[in-house]
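Please read the structure below before turning to the comments.
2 protein chains.
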Amino acid sequence: MSVKLTILGSSGALPAYGRFPTSQYLNIQNRHMLIDSGEGVQMQLNRYQIPIHKIDHIFISHLHGDHYLGLMGLLFSMHLQRRTTDLHLYSQKGLDDIILLQLKYSKSILNFNIVYHAYDPTEKKLIHEDDVLTVHTIPLNHKLECAGFLFREKTKPRKINKEKLSNGMLLQHIALLKSGGDVYDENNNLLYRNSEYTLPPRTSFAYAFCSDTAWNEKMVDQIREVDLLYHEATFMEEEKDKAMETKHSTAAQAAAMAKQSGVGKLLIGHFSARYRDLEPMLQEAREVFSNTDLALEGTTFELNA
Amino acid sequence: MSVKLTILGSSGALPAYGRFPTSQYLNIQNRHMLIDSGEGVQMQLNRYQIPIHKIDHIFISHLHGDHYLGLMGLLFSMHLQRRTTDLHLYSQKGLDDIILLQLKYSKSILNFNIVYHAYDPTEKKLIHEDDVLTVHTIPLNHKLECAGFLFREKTKPRKINKEKLSNGMLLQHIALLKSGGDVYDENNNLLYRNSEYTLPPRTSFAYAFCSDTAWNEKMVDQIREVDLLYHEATFMEEEKDKAMETKHSTAAQAAAMAKQSGVGKLLIGHFSARYRDLEPMLQEAREVFSNTDLALEGTTFELNA
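Each protein sequence line maps, in turn, to chains H and P.
Position 191 of the first sequence, counting from 1, maps to 191 under the working numbering, and the rest follow consecutively.
Position 58 of the second sequence, counting from 1, maps to 58 under the working numbering, and the rest follow consecutively.
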C-alpha cells in the first residue's frame, strides 16, 4: 500500500452521537503519521487496529482542546508499551509546556524522546522532509492561531518494466534505471536506454488537511490540484453567520474551496453537534463539488500502486 | 431513585478491547457526582445518557493520566453547553495548574466557576458535606499519592405511614413526625405519637471507591460494612509480584479486602490490558467473596426507596 488515510474523529468541539473529536491517521509509503489527536484518539487507533507504536510523527493544528486532548493519553500508552524510539511532534509553542506539566504531576519520565518541532502557524513553512515526502504548514483563518498541513510525496523513481528485465542485468544497473539514467558499459557504449526499460512512476500524491478555518482564499495557491483535500465543515449554509462568527466554514464553503482549488476529492468533517443526520450537509457540499464524502470515523482513502 | 452508580470505564492505564479508563457516575438523592474522569468520560456520559450539565461535583483520586485526562474535555463541553453554575472539583494540588495552563493556551475563559477543593491524600478528611451526604477521603497505598472516597448518606428522615394519615393533619405536623418528634396541641396534649404514625427510614447507603492501591489494611476500619465497595483489581493472583511492584491489587486481594471489611457487595475494575477475558478474574474474586461483580462499562447499581 502506498497511501492510506483513516479518519479517527469527525466531530466538532462538542462530541455527540458517538462521533469523536478530530484526529486522522496517515500512512505514506510506511511513514506512519497522526494529524491532530482529539480526546479518545488511542481508543480509536485500537478500534481500527492501527498499532500505536508505529506512529513516529504527530502534527497538531492548534491548541483548542478538541484537537489535542487525546495526545497525553497516547504518550502515556506509548510509554507503557515500552516505546524507545523518538517521537516527532509538530505543534505551536505551548503544547510542550502542557506535556511537561502533566509529566511533572504524574511523576513520569517517558522511555522515549519527544522531538518537539515548534512552528509558526502564520507562515507557509517546510516543517518535515524525508526521502519520500515533505510536509508544509498551511496558515488558516481561525479564532485561535491554526495551521493546516500539506503532505506531498516527492517525485517517485521510475518503475522497471519487468517484461524487459534480462538475466544479465546487474543490481546497480537496475538502480540506475530507476533513478532515471541510461546505463553504459566501461567503454561508454549504451547498454540500456532508460526509456526502453522503465515506465513512468505513479503520480506523486498530495493531501491537504485544513483544520478549523473560516473561508480562507489565501490558501488556494498552496493547495491547488492536490489529490485529496480535508476541509472542515462545522455548519451548513443556513448557519453561515454562526460560521463566520466562530471562524468556521459551512459545507458549501468547503466545497467551493475544493472547486476553486481544483482538487481531486474532498472530505468534510468537524461537524457541529446540532447535526445528527449528516446527509443534508453532504448534499449541500455535493451541489458545489460532486466528488465529496463525509470524513466519518473509519472512512479510509487508499492508493495502491 | 435514591442511589445510582454507573460505571463509565473499567480499564487500567492502557485502554484495550473497547474498555475506557476509570470514571464513574454517582447519583445520591439527586446529587450528581463524577468519580475520576479518565479519557473519553464525556463520550461515555453521552453513551449512557447522563446529562453532563447536571454534574456539580467531581472527585479525582490522583494525577495518573488514566484517572483525569478526560476532565479538560468535559470542562470545555460544559462551557460550550453554556453552563453557568459552579462546579466543585476535589483533587490534590496540581490539577488546578494543569487546567489553568490549558485554558491559557486555548485563550479560553469558562462561563462558570470551578471551585477547587485541594485535599491531602494522606489524611482521612471530610471534603464535602451537604444535607444528605458526606464525602471523606480514604488514604490509599499507590506509587503516586492517591485517595479513595467514602460517600455516606446521612441518617434519613422517618417515613410517614401513609395508611395512618388523616385529613386534619397539618403540614407542620407531618414535618415534625418525619424529623422524629411527637406532636402536641397548644395545651400540651399528645396529638400524634411518632411511633404510631411513622416508619423507620431506609438504611443510609455507603459507597467506598478505592482507586489505585496495593493491599491496604489501614482502610479496613474506615470502609467497614459499607453497602458497596469498588476496589481496583488490575491483576490476577498469578501476577501478584507485578501487582506489588506497581502498587496495584489482584482480584483475590480486592475480594479479601471486601471480606475483611464486611461490605455488602464488591465491584472490581481497572483491569490490565493483558486480560481480554475477565471471567477468570471474576471467578478468582468470587472464590474469596461471592457477592462480587465486574465494574464493566454500563454496569449500574441502583437503590430505589
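C-beta: ideal position from N, C-alpha, C; glycine also.
All figures in this text were calculated on a predicted structure; none of them were measured in a lab.
query	result
Beta carbon of Leu165/P nearer than 7 Å to that of Asn216/P	no
First and last residue of the uninterrupted alpha helix (DSSP H) at Ile99/P	Leu95 to Tyr105
Local Cβ density within 10 Å of Pro200/H, reported as buried at 16 or more and exposed below that	exposed
Close-in-space but distant-in-sequence residues of the same chain around Leu110/P (CB under 6 Å, 5 per side omitted)	His79
Selection of the stretch 238-261 of chain P by Cβ proximity to chain H, strictly under 9 Å	none
Chain P within 7 Å of Ile58/H, Cβ atoms only	no
Limits of the unbroken beta strand (DSSP E) element including Asn27/H	Ser23 to Ile28
Residue-level contact to chain P via CB, Gln102/H, 7 Å cutoff	yes
Min CB distance Met78/P to chain H below 7 Å	no
Member of Glu302/P, Asn304/P, Glu297/P and Gln260/P whose CA lies at the smallest distance from the CA of Gly12/P	Glu297/P
Interface flag, His136/P vs chain H, CB-CB below 7 Å	no
Minimum length 4: unbroken alpha helix (DSSP H) runs contained in the stretch 132-190 of chain P	171-178
Span of the beta strand (DSSP E), counted from its first residue to its last, around Arg47/H	Here Arg47/H belongs to no beta strand (DSSP E); instead the alpha helix (DSSP H) covers Val41 to Arg47.
Rounded C-alpha distance that separates Gly264/H from Met257/H	12 Å
Of the residues Ile50/H, Ile99/H, Tyr90/H and Ser249/H, the one placed nearest Glu142/H, counting alpha carbons only	Checking the sequence, you will find His at residue 142/H rather than Glu. Cα-wise, what sits closest to His142/H is Ser249/H.
Pick from Arg202/H, Tyr197/H, Arg224/H and Ser195/H that is closest to Phe209/H, judged by C-alpha positions	Arg224/H
Enclosing alpha helix (DSSP H) for Glu284/P [first to last residue]	Glu279 to Val288
Spatial distance of Glu128/H from Glu39/P (CA atoms)	According to the sequence as given, residue 128/H is His; it is not Glu. Rounded to whole angstroms, His128/H to Glu39/P spans 30 Å at the Cα level.
Neighbour flag for Met219/H against chain P, beta carbons, 7 Å	no
Residues sharing a beta bridge with Gly9/H, DSSP	Ser23/H
C-beta neighbour in chain H for Gly40/P, strict 7 Å	yes
Partners in chain P for Phe20/H, counting only beta-carbon separations shorter than 8 Å	Met43
Three-way DSSP call (helix, strand, coil) for Ala251/H in this model	helix
Cut-off 7 Å between Cβ atoms - residues of its own chain near Val220/P, not counting five sequence neighbours on either side	Gln260 and Ser261
Collapsed DSSP secondary structure at Tyr207/H in the structure displayed	strand
Residue of Gln24/H, Leu267/H, Tyr275/H and Leu100/H minimising C-alpha distance to Phe235/H	Tyr275/H
Inter-stretch contact at 8 Å, needing at least 3 Cβ pairs: the stretch 91-109 of chain P / the stretch 150-161 of chain P	no
DSSP three-state assignment for Val220/P, whether helix, strand or coil	helix
Ile52/P, DSSP secondary structure in three states	helix
Nearest to Ile268/H (by Cα), restricted to the options Ser77/H, Val3/H and Gly9/H	Gly9/H
Buried or exposed (CB count within 10 angstroms, at least 16 for buried), Gly180/H	exposed
Within chain H, partners of Ile98/P - CB distance below 9 Å	Ile98, Leu101, Gln102 and Tyr105
Beta-carbon contacts of Gln253/H that lie in its chain and below 7 Å, excluding the five residues immediately before and after	Trp215
First and last residue of the uninterrupted beta strand (DSSP E) at Thr85/P	First-last for Thr85/P: undefined, no H or E at that position.
Beta-carbon separation (whole angstroms), Leu75/P vs Ile99/P, contact threshold 8 Å	7 Å
Spatial neighbours of Lys54/P in its chain, beta-carbon cut-off 8 Å, leaving aside the 5 residues before and after	His32
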